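Residue numbers (this note's numbering): 88 to 161. The structure appears right after this line, and notes come after that.
Shown next as structure tokens:
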């Protein structure tokens, strides 16, 4: 959506870098729209990747799975 009254300002030096995480209970049945939201939010998190992470036993295993993932910086 375009709005001529809005102006984009570069504020990269005002805010520090942060990483946002998506969380849900392990027992949650993920519906297709939930997978779609996750992948729109983070394109590298495909349904297969999410299912693999959910199948892991511990948060440490999940951290290990994603340790080499290079997150995009905007």
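For every residue, glycine included, the Cβ atom is placed at its ideal position computed from N, Cα and C. Bear in mind the structure is a predicted one, so any value in this text is a computation, not a measurement.
Closest by C-alpha distance to residue i, when choosing among the options
i           : options            : result
residue 126 : 108, 112, 155, 114 : 108
residue 150 : 92, 160, 136       : 136
residue 132 : 115, 113, 145, 152 : 152
residue 114 : 155, 144, 158      : 144
residue 138 : 112, 157, 101, 158 : 112
* Whole alpha helix (DSSP H) runs in the region 104-158 with 4 or more residues, listed along the chain? -> 119-128, 134-142, 146-153
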